[in-house]
Amino acid sequence: MSSLHIENLSDTRNRLLDEISLLGYDEFNKNPNPTMWSIAQVSHHLFLTEKAFTRAIEYGLKQIPTNQVKRKNLHHALDRTKKIEAPEIVKPNLEPIDVLEVIDLLNDSRNYLLTVLKTVKDMSILEERSVVHPVFGELPLDQWVELIYLHEQRHIDQIKEIKYLLGLNVNS
80 MSSLHIENLS
90 DTRNRLLDEI
100 SLLGYDEFNK
110 NPNPTMWSIA
120 QVSHHLFLTE
130 KAFTRAIEYG
140 LKQIPTNQVK
150 RKNLHHALDR
160 TKKIEAPEIV
170 KPNLEPIDVL
180 EVIDLLNDSR
190 NYLLTVLKTV
200 KDMSILEERS
210 VVHPVFGELP
220 LDQWVELIYL
230 HEQRHIDQIK
240 EIKYLLGLNV
250 NS
């Protein structure tokens, strides 16, 4: 895994925090329509997803290395015209939540990820071990890491759309 992945994780998380940190409780928890998540729900989903992905990476690190896994082009994960139903394990809480509480959760999930990654002595192991992803199939562990920030980028765009629909100022 390259330092580019770590940089992308950091940059994307900073963009997410810029989008949510100044929102009031009502803005954060308001659904633009009954079929869409609120910004709070999107943010909670990102926390749950990062935590689930980190558990998958932890599990994968205990597996036998294989070089047989075909690498996937994950950038189409950014295409929001293709709706992907979130698995139950990463569906957000429906109860309102405070922005600062979600930021704490996001910090916790990021610390968990970085702690797991720090246990890896040789980062090339992440390319040799894999775990099945519910959407993309068998993925090398380094692509699980890549998918964390690509998934977050996808949802930052969703947050911007929700802000627009709610008539809030949208950061560029």
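Each residue of the sequence shown is one higher than the one before, counting from 80 in the numbering used here. We put the beta carbon where it would ideally sit given N, CA and C, even for glycine.
Residue i versus the options, residue with shortest Cα-Cα distance
i	options	result
residue 243	176, 88, 117	117
residue 207	149, 107, 122, 233	149
residue 139	236, 181, 198	198
residue 222	93, 136, 241	136
residue 171	115, 236, 102, 240	115
residue 181	134, 225, 95, 88	95
residue 84	241, 194, 226	226
residue 50	141, 189, 161, 240	Outside the modelled stretch of the chain, which goes from 80 to 251, sits residue 50, for which no answer is possible.
6 Å Cβ shell around residue i - same chain, five flanking residues per side excluded
i	result
residue 184	126
residue 175	108
Environment of residue i [buried if 16+ CB atoms lie within 10 Å]
i	result
residue 187	exposed
residue 120	buried
residue 130	buried
residue 228	buried
residue 164	exposed
residue 179	exposed
residue 211	exposed
residue 192	buried
residue 145	exposed
residue 133	buried
Beta-carbon proximity list for residue i, same chain, < 8 Å, skipping 5 on both sides
i	result
residue 251	In this prediction, residue 251 scores a pLDDT of 47, lower than 50, which makes its location untrustworthy; the coordinate-derived value is nonetheless stated afterwards. Same-chain partners within the cutoff: there are none.
residue 151	215, 216, 218, 222
residue 169	124, 127, 128, 131
residue 154	229
residue 112	244
residue 104	175, 177, 178
residue 235	91, 94, 95, 98
Bridge partners - residue i, DSSP secondary structure assignment
i	result
residue 173	DSSP output for residue 173 lists no bridge partner at all.
Close Cβ partners of residue i (< 7 Å) along its chain, the five nearest in sequence each way excluded
i	result
residue 109	117, 245
residue 247	106
residue 232	91, 157
| Along the chain, which unbroken stretches of the alpha helix (DSSP H) at least 4 residues long are found entirely within the region 171 to 226? | Counting only runs that start and end inside the region 171 to 226, the alpha helix (DSSP H) elements of at least 4 residues fall at 178 to 197, 204 to 207.
| field | Complete alpha helix (DSSP H) runs within the region 97 to 181 (minimum length 4 residues, chain order) | value | Counting only runs of 4+ residues, the alpha helix (DSSP H) found wholly inside the region 97 to 181 occupies 104 to 108, 118 to 140, in chain order.
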